[in-house]
Every structure is written in structure tokens, then in C-alpha cells.
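Undergrad: If you number the sequence shown the way full-length UniProt numbering does, the last residue is 275 and the count never jumps. Ideal Cβ positions, reconstructed from N, Cα and C, are used throughout, including at glycine.
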Amino acid sequence: MARSRPPAPPVPTPAERARTLAGRARHAAVIGEPEQSDGDLRAAPTLHHVPATGAATLQFPDDHALVLAARERGDALLPVMLELSDVAPVSVRRPVRGLLWISGRLRVLPLRVARRAALRIAAEQPDERLLDVGHGETLLRLEPTMVVLSDAEGTEALAPTAVAAAPPDPVAATGDAWLAHLAAAHANTLSALVPRLPVHLRRPGNRIAPLGVDRHGLRLRIETEDPDATDHDVRLPFDAPLSCPGQLGEAVRSLIGCPGEVPGVRPTSRRAAGA
Numbered sequence: 001m002a003r004s005r006p007p008a009p010p011v012p013t014p015a016e017r018a019r020t021l022a023g024r025a026r027h028a029a030v031i032g033e034p035e036q037s038d039g040d041l042r043a044a045p046t047l048h049h050v051p052a053t054g055a056a057t058l059q060f061p062d063d064h065a066l067v068l069a070a071r072e073r074g075d076a077l078l079p080v081m082l083e084l085s086d087v088a089p090v091s092v093r094r095p096v097r098g099l100l101w102i103s104g105r106l107r108v109l110p111l112r113v114a115r116r117a118a119l120r121i122a123a124e125q126p127d128e129r130l131l132d133v134g135h136g137e138t139l140l141r142l143e144p145t146m147v148v149l150s151d152a153e154g155t156e157a158l159a160p161t162a163v164a165a166a167p168p169d170p171v172a173a174t175g176d177a178w179l180a181h182l183a184a185a186h187a188n189t190l191s192a193l194v195p196r197l198p199v200h201l202r203r204p205g206n207r208i209a210p211l212g213v214d215r216h217g218l219r220l221r222i223e224t225e226d227p228d229a230t231d232h233d234v235r236l237p238f239d240a241p242l243s244c245p246g247q248l249g250e251a252v253r254s255l256i257g258c259p260g261e262v263p264g265v266r267p268t269s270r271r272a273a274g275a
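(1) For the putative contact between L236 and R196, defined by C-beta atoms under 8 Å, what is the C-beta separation to the nearest angstrom?
(2) Keeping to the same chain, check which residues put their C-beta closer than 7 Å to that of E16; ignore five residues upstream and five downstream.
(3) Label D75 either buried or exposed according to how many other C-beta atoms from any shown protein chain fall within 10 Å of its C-beta, with 16 as the threshold for buried.
(4) For the beta strand (DSSP E) that contains R141, what are its first and last residues?
(5) Helix, strand or coil: how does DSSP classify A157 here?
(6) Which whole-angstrom value describes the C-beta separation of L130 and L47, a residue pair presumed to lie in contact below a C-beta threshold of 8 Å?
(7) Helix, strand or coil for P79 per DSSP?
(8) Does the beta-carbon of H216 have 16 or more other beta-carbons within 10 angstroms, so that it is buried, or is it exposed?
(9) Please state whether DSSP places E223 in a helix, a strand or coil.
(10) Are the segment 136 to 144 and the segment 98 to 110 touching, with three or more C-beta to C-beta distances below 8 Å?
(11) Does DSSP put S191 in a helix, in a strand, or in coil?
(12) Would you mind giving the Cβ-Cβ distance between residue 364 and L41, rounded to the nearest angstrom? I have them listed as a contact below 8 Å.
(13) For the candidate residues P14, A8 and P10, whose alpha-carbon lies nearest to that of S150?
(14) Quick one: Cα of P198 to Cα of A25, how far?
(15) Once DSSP output is grouped into helix, strand and coil, what is the label at Q36?
(16) Would P89 be called buried (16 or more neighbouring beta carbons within 10 Å of its own) or exposed?
(17) Put H186 into one of helix, strand or coil per three-state DSSP.
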């Protein structure tokens, strides 16, 4: 008789996860095709902003090789790939939670258009570096053609339109700050989650860290005492999908099965949030 497996916990769709990663990734690199340079051109922008559409705005110094190459291409546009790294907001041995690659073509924004774009970005993501646009810094726009997501759930190729149409996760904007606060100030809450782990991961020497959270559940990283051993990620599903960040505390209290103190969403410093 075949053994039945318990159903896998629910997770956001690949398009939803791609949208979330694009919005929160703090590390970006632009990779040019070999024919545009003596080798693969890999460059980190001064600043990057990626909306749900994937049409990323990238800031580089005026004299950067990527800016010069895009200007030379003109209307033909420059084929590149933008790599976004999603890094955990807490200290773990392997901090990259996922990668997103956005392939497309790059163009230089005219100064008037660039300044309007800088104002729009500043309204959403204030950053003093945007003041340098037109004063030694240039904005470029990536027109996306394909998106590839690689994370703990697998690897998926997506159309940019599918990512843009995906609903935003209700805890995406505050989740990382909440995870950092949970790790820094609520070790007792994490210890109370140990009984929810698979039996073989409940050893006293193992370290538990909050790795990720979304509307469907909480992801934990279990690190063993052996630094060369494989780390284990465990997803604990919530009783019901969350509709707002304010439900996080109650959702985790339900996982623990007791009314003890669990952090809700509260103001957290950028340093504590890993920003």
C-alpha cells in the first residue's frame, strides 16, 4: 500500500514571490553581454528601484561603462540582465533567500524624464543619492522581457506581465523588520516554536532563526552545530492567510498554542531591520 504524504503547506505563487523579492531586494547587479565589454560586465548601481512591472530604474555615475554603452546603443537599447539578491534580515550562515534575474534592454533616461523619475522614486523610497541625478549621476531604465525566480520553493521563468499582475503580499513591506525584532528580542517565542519542528531537528544544539514571513506562514532556518552540515528550512503555515501586518502576532500565538507575548508590527530601526 502506498503511503500518503501530508499536504505541502501553502505558499505564495511564483509571481507573487517574484514581486515581493523585486520590491525588497537590497543587493543588485547589472550583467552585460560579453560583446559589450572585454568580458561579462557586472556592475552594482548606485541605487536601484524595481516596481511590480519589472521596469527597473538604475542609477550610475555619468562616466560608468554601462552608461556609455547604453548611450552608444541609442534607440537600439542595450541587452542586459539585472540580478537581485534577497538577503535575510537576521544573521544566518547562508543569508541569500532567493535570486531574481530580470532580462531586458537598457536605455538612458533624458535628463528631464530622469528628474521626474527621481521625484517619484523619492516619494516612495527617500534617498539622498537621488539628488545627484543630473549632477554626475545618470538614470537608466530597464525594459523587461523575462523574469526568472530562484528561491527555496524552486526555479520558475515568468513573463513580466504575470509578475505585475500578481497581488502584493500584505506583510512584504514590514516582514523583514518584524523578523529582525523577533530574532533580537523574542528568543522565548522562537524556543516555543521548537515543538512544531520535525523531530530530528529538535536537538538542543541546533540554532533556530526566523528566515522569512508571508501571508501564508513563517519560515525558520535550523542550523546545526556542524558548520559544514546542511541547514534546514521549515515552513510553519498560519491557520489562515493574513490580510494585514497587524495579524502577525496573533498568527504566531496560534502556532505556539499559548497567549504569551509575541511581537506585533512596531517601528524598528533600519539597522535592526538589516537595511
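TA: By the coordinates alone:
(1) 5 Å between Cβ atoms; contact.
(2) Excluding positions up to five away in sequence, the list reads A166, P167 and D169.
(3) Exposed, by the Cβ-count rule.
(4) The continuous beta strand (DSSP E) containing R141 extends over residues E137 to D151.
(5) Looking at A157 - three-state DSSP - the assignment turns out to be strand.
(6) Contact holds; Cβ gap of about 7 Å.
(7) When secondary structure is reduced to three states using DSSP, P79 falls in the strand class.
(8) That one is buried.
(9) Reduced to three states, the DSSP call for E223 is strand.
(10) Counting C-beta pairs closer than 8 Å gives three or more between the segment 136 to 144 and the segment 98 to 110, which meets the contact rule.
(11) Residue state, collapsed to three classes: helix.
(12) The structure shown does not extend to residue 364, since the chain spans only 1 to 275, so no value can be given for it.
(13) The shortest C-alpha separation from S150 is found at P14.
(14) Near 30 Å, if we compare the C-alpha coordinates of A25 and P198.
(15) With a pLDDT of 46 at Q36, under the threshold of 50, the predicted position of this residue should be treated as unreliable, though the coordinate-derived value follows. Judged by DSSP in its simplified three-state form, Q36 adopts helix.
(16) That one is buried.
(17) Secondary structure of H186 (DSSP, three-state): coil.
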